[in-house]
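Numbering (UniProt numbering), first residue to last: 1 to 279.
Every residue, glycine too, gets a C-beta built ideally from N, C-alpha and C.
Structural data, given as C-alpha cells:
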C-alpha cells in the first residue's frame with residue numbers, strides 16, 4: 001500500500017496527473033466534472049515547493065478541514081526541462097496567483113475580493129451616516145483588519161494554491177486586450193471558437209421561456225438568470241443566439257458588455273486608478 005502511494009505520487013509529480021474540472025468557465029469545450037490527464041513532461045515537471053504533504057490532497061484535509069501539508073521543508077522553484085514551450089491556445093493547468101492568501105472559511109472566494117467588498121460596505125456606511133469619506137487606502141486598511149478579525153486568514157505556497165484550467169491566449173511578448181467583450185492579441189482579433197459564449201439580455205413579450213427550450217440548447221440551469229417572466233440574462237453561443245431569436249415570444253436578444261472606463265471593483269487590481277472590467 002505504502003509503495004503504491006509513493007509510486008502514484010512520483011507519477012503525479014513527474015509524468016502525468018488527473019484533474020477534475022470544478023467550474024463551468026470553459027463550458028462547451030470542457031464540462032464540469034470532466035477529468036483530464038495532464039502531461040507533466042510537455043512543459044517540464046515542477047519540483048514541489050512543499051514536499052511534505054498528505055497524499056492526493058491539494059491543500060486541505062478532507063473531513064478535518066485543516067492544512068494537508070507541512071512547511072517544515074521548503075524547496076525553491078525549479079522546473080525540469082520539457083519537450084516544448086507553451087504555445088498560444090494551449091489548454092494549461094496552473095496555480096491561481098491570487099490564491100496566495102486565503103480566508104479559510106471562504107476558500108471558494110478570492111481574499112482580495114472579500115477585502116474589497118468589506119471596504120465598499122464600510123464606505124457605504126460612512127456615506128449613509130454622513131461621516132467624512134476616507135481614502136481608498138484607509139478603507140482598504142480598515143477592511144483588511146476587519147477580515148483578519150472575523151476569519152482565519154492563511155497564506156499558501158505556490159504549489160498549494162488552487163489548480164485552474166484555462167486556455168492560454170497570450171505568451172511572453174504578446175499584448176492582449178479585451179474590447180467590448182472581444183479578445184485582441186497583438187492588435188489582431190482572436191479567432192473565435194464556434195462554442196465561444198457571451199452574455200446576452202433576452203426580452204420576451206411578457207411570457208416566460210419554457211425551461212425545456214433552454215435544456216434543448218444545452219444551456220445549464222445555473223447559467224440562466226431570470227429577473228421576471230420577460231427578462232433573462234444568459235451566456236449564449238452565436239448559434240444559440242440565432243435559435244433564441246426565432247422563439248415566438250422573444251422580442252430581442254442583446255449582447256451585454258460593460259462600457260470602456262466602467263470600474264468593476266471585483267476585477268484585479270481592485271483599484272479605481274485602473275478602471276478595468278471583464279469586458
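Residues bridged to residue i by DSSP?
| i | result |
| --- | --- |
| residue 35 | 20 |
| residue 155 | 101 |
| residue 343 | Coverage of the chain is limited to positions 1 through 279, which leaves residue 343 absent and any answer about it impossible. |
| residue 235 | 199 |
| residue 189 | 184 |
| residue 13 | BP columns for residue 13 are empty, so no partner. |
| residue 250 | 204 |
| residue 226 | 232 |
| residue 94 | 164 |
| residue 67 | 60 |
| residue 79 | 46 |
| residue 53 | 69 |
In whole angstroms, what separates the C-alpha of residue i from that of residue j?
| i | j | result |
| --- | --- | --- |
| residue 35 | residue 197 | 22 angstroms |
| residue 5 | residue 69 | 16 angstroms |
| residue 218 | residue 37 | 25 angstroms |
| residue 87 | residue 156 | 28 angstroms |
| residue 185 | residue 172 | 12 angstroms |
| residue 59 | residue 165 | 17 angstroms |
| residue 234 | residue 216 | 14 angstroms |
| residue 126 | residue 134 | 9 angstroms |
| residue 92 | residue 227 | 36 angstroms |
| residue 21 | residue 55 | 20 angstroms |
| residue 220 | residue 3 | 42 angstroms |
| residue 109 | residue 95 | 15 angstroms |
| residue 145 | residue 32 | 36 angstroms |
| residue 30 | residue 225 | 22 angstroms |
| residue 231 | residue 214 | 14 angstroms |
| residue 263 | residue 106 | 25 angstroms |
| residue 85 | residue 276 | 30 angstroms |
| residue 174 | residue 39 | 25 angstroms |
| residue 67 | residue 163 | 16 angstroms |
| residue 100 | residue 229 | 42 angstroms |
| residue 64 | residue 131 | 44 angstroms |
In or out: residue i buried (at least 16 other Cβ within 10 Å) or exposed?
| i | result |
| --- | --- |
| residue 248 | exposed |
| residue 222 | exposed |
| residue 210 | exposed |
| residue 159 | buried |
| residue 98 | exposed |
| residue 143 | buried |
| residue 116 | buried |
| residue 161 | buried |
| residue 282 | Look at the range of the chain in this structure, 1 to 279, and you will see that residue 282 is not part of it. |
| residue 250 | buried |
| residue 205 | exposed |
| residue 77 | exposed |
| residue 150 | exposed |
| residue 18 | exposed |
| residue 49 | buried |
| residue 274 | exposed |
| residue 236 | buried |
| residue 43 | buried |
| residue 114 | buried |
Taking 7 angstroms as the cut-off, is the beta-carbon of residue i closer than that to any non-hydrogen atom of the ligand HEM?
| i | result |
| --- | --- |
| residue 81 | This structure does not include the ligand HEM; it has no bound ligands of any sort. |
Could you give the C-beta distance for residue i and residue j, rounded to a whole number, given that I count them as a contact under 8 angstroms?
| i | j | result |
| --- | --- | --- |
| residue 72 | residue 52 | 6 angstroms |
| residue 269 | residue 136 | Contact flag wrong, Cβ pair sits at about 12 angstroms. |
| residue 47 | residue 102 | Not quite, the Cβ-Cβ distance comes to about 23 angstroms (not below 8 angstroms), so this is no contact. |
| residue 41 | residue 15 | 6 angstroms |
| residue 265 | residue 203 | No, residue 265 and residue 203 are not in contact; Cβ-Cβ is about 28 angstroms, not under 8 angstroms. |
| residue 89 | residue 168 | 7 angstroms |
| residue 13 | residue 45 | 6 angstroms |
| residue 118 | residue 147 | 6 angstroms |
With distances taken between CB atoms, is the gap from residue i to residue j smaller than 8 angstroms?
| i | j | result |
| --- | --- | --- |
| residue 245 | residue 200 | no |
| residue 258 | residue 238 | no |
| residue 170 | residue 178 | no |
| residue 182 | residue 189 | yes |
| residue 152 | residue 83 | no |
Closer than 8 angstroms, CB to CB, is residue i near chain C or not?
| i | result |
| --- | --- |
| residue 215 | Judged by its chain identifiers, the structure shown contains no chain C, having just a single protein chain. |
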